[in-house]
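In what follows, a single structure is set out as structure tokens and then discussed.
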Amino acid sequence: CQPPHHPWVGRPSRFRSSQVENLLPNQLLSVSLWAAFVAFSLCIVSGIAESQCLEAMEPAYSEDAPLLKAKLGSQRSVFVPGHRIRMNVVPMFLNVFVPWGVFIFCCGISSFWIMYVHPGVAWLCIYSVFGIWTWMAAMALWARRYEADPTWFTYTALVVLIFAIAGTVTGLGNFKAFSKPYFDIRDLKVVHDLDASIVPGKNVMDGGIFGFSPGNQLDGLRSWHFRWKTNYCVAPIITNGSAPVSQEYSYWAVGKDCCSHSSSDFRCGAWGYSGTPGGIRVVDEGDLKYYRLAVQQAESLYNIMAPNPIFVTWSSEPFIEVESWNQQVFKNYMFLAAISLICSIFLMSCATCSFAFLGRSRSAYATQMLDDPSYQQGGYGKPMDYTTRAYSA
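Taking the working numbering, the leading residue of the sequence shown gets 185, the next gets one more, and so forth.
And the structure:
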């Protein structure tokens, strides 16, 4: 009798190897999935068994002593003598970078273009941060009331509030000093080859950067100032030393604390530049009213007219100077971000050291009477009496 025919018997080895290669990946995948499922099931079963074992190991307390059960069965607090607090690296990491992130967010929102273009959206984002802080403060109050051990909630709420306020205040200062003037000038047009003696100021009231034609210069003999905490200096711009054709002095170079208090002496901006400088429009309303008062005094003093004055800062490179404001905003932002990170790490280190000393001191209930030298002498300041005394009946 012949043995039963096997499908692989008599076939080349090449076919068998190809069959194995085709079946091996699927089999390995199935085995891997089943192994993962079994391992996961064993983890669940072991966790349930461990929890049941821990529950079985708990001491049985009488139903008549619930306070004793709650006292002895609860976890030991850090304030129990000899029990130190365990520091967790995760909240330490979060308490360094969460306040720093809040500072970066608030400072960035209040420093850059979104505060200028969409101030409502910017303030909504900032108010959202303070809304989240309100929730954190509520969590801190809850933890201080119901948690016996010290937690990070109070520290987190306090530091996040400080960094949110600091980021908003510094960002607004950065915005007011550089971003707002930069965007105000960018929204106005650029005027080239302007002749101050021919073109009246009312024709270029929407100008932001003025490029004056050759021959335009400052008239130092008709400069003046207005004093209010700061010396606000003004000087008219003329062409080749002659008065304007319309007899109206429309363009005035301005500056602060750069002129004499008693004479015509204007030294503001690029006043000594020999080339053809330009002017950058002054858009700060807080300064414009004092420059107008200085021009009014100059009108009265020199008997001139300036009905529509345009105030500019005298600059040798007005375009480069305006672009430098935008760069300065980013530089200040990066500097503030670095300082805030250093402050966050420093505060986190101080809080960690403070928490690390909890539970290290001796208990207030520890009895040290036997170690007291006064007790060893038979009382405080009294020698020990070892003589035998006789007592009569």
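We put the CB at the ideal spot given by N, CA and C, even for glycine.
Check whether residue i and residue j have beta carbons under 8 Å apart
i, j, result
"Ala341", "Trp326", "no"
"Leu356", "Ser294", "yes"
"Phe495", "Tyr517", "no"
"Trp408", "Ala482", "yes"
"Gly385", "Ser426", "no"
"Cys452", "Gly439", "yes"
"Val429", "Ile488", "no"
"Val467", "Pro303", "no"
"Asn424", "Gly399", "yes"
"Val418", "Val343", "no"
Same chain, Cβ closer than 7 Å to residue i, neighbours up to 5 away in sequence not counted
i, result
"Ala454", "Pro461, Trp498, Ser499 and Ser500"
"Leu372", "Asp390, Gly391, Gly392 and Arg465"
"Ile529", "Val280"
"Thr414", "Lys440 and Asp441"
"Met276", "Met532 and Thr536"
"Asn358", "Ser295, Val513, Asn516 and Tyr517"
"Gln431", "Met489"
"Trp336", "Pro275 and Asn279"
"Leu477", "Phe410"
"Cys309", "Ile293"
Counted within 10 angstroms of its Cβ, other Cβ atoms place residue i as buried (16 or more) or exposed
i, result
"Tyr311", "exposed"
"Tyr330", "exposed"
"Ala522", "exposed"
"Cys227", "With a pLDDT of only 44 at Cys227, under the threshold of 50, the placement of this residue in the model should not be trusted; the figure read from the coordinates follows. Counting Cβ neighbours within 10 Å, Cys227 comes out exposed, since fewer than 16 surround it."
"Ala350", "buried"
"Ala380", "buried"
"Leu485", "exposed"
"Ile369", "buried"
"Trp319", "exposed"
"Phe503", "exposed"
"Gly315", "exposed"
"Val513", "buried"
"Gly292", "buried"
"Tyr339", "buried"
"Val506", "buried"
"Val274", "exposed"
Contact set for residue i: own chain, Cβ-Cβ below 6 Å, skip 5 residues either direction
i, result
"Phe367", "Tyr300"
"Phe347", "Pro283, Val286 and Phe287"
"Val375", "Val388, Gly391 and Phe394"
"Leu525", "Trp284"
"Tyr457", "Ser500"
Extent of the continuous alpha helix (DSSP H) run through residue i
i, result
"Tyr330", "Pro303 to Tyr330"
"Asn400", "Careful: Asn400 lies outside any alpha helix (DSSP H), inside the beta strand (DSSP E) at Asn400 to Leu402."
"Gly357", "Phe337 to Asn358"
"Phe287", "Val273 to Ser295"
"Gly470", "Glu469 to Tyr486"
"Ile393", "Element bounds for Ile393: not the alpha helix (DSSP H) but the beta strand (DSSP E), Gly391 to Phe396."
"Asn510", "Pro502 to Ala540"
Enclosing beta strand (DSSP E) for residue i [first to last residue]
i, result
"His420", "Residue identity differs from the one stated: residue 420 is Pro in this sequence, not His. Residues Thr414 to Thr423."
"Ser499", "Ile494 to Ser499"
"Lys373", "Lys373 to Leu378"
"Lys440", "Tyr435 to Lys440"
"Arg465", "Gly462 to Arg465"
Rounded distance between the beta-carbons of residue j and residue i, thought under 8 Å
i, j, result
"Ala490", "Gly463", "Between Gly463 and Ala490 the Cβ distance is about 15 Å, and since that is not below 8 Å, they are no contact."
"Pro420", "Arg411", "That belief does not hold up - the Cβ atoms of Pro420 and Arg411 are roughly 19 Å apart, past 8 Å."
"Leu402", "Phe362", "That belief does not hold up - the Cβ atoms of Leu402 and Phe362 are roughly 26 Å apart, past 8 Å."
"Thr354", "Leu520", "5 Å"
"Cys290", "Val313", "6 Å"
Cβ shell of residue i (< 8 Å), same chain only, five flanking positions each side left out
i, result
"Ser533", "none"
"Ala321", "Ala341 and Leu345"
"Ser446", "none"
"Asn492", "Pro384, Gly385, Lys386, Met389, Glu432 and Ser434"
Any non-hydrogen atom of the ligand NAD within 7 Å of residue i CB
i, result
"Trp297", "Among the ligands in the structure shown, none appear at all, so the ligand NAD cannot be discussed."
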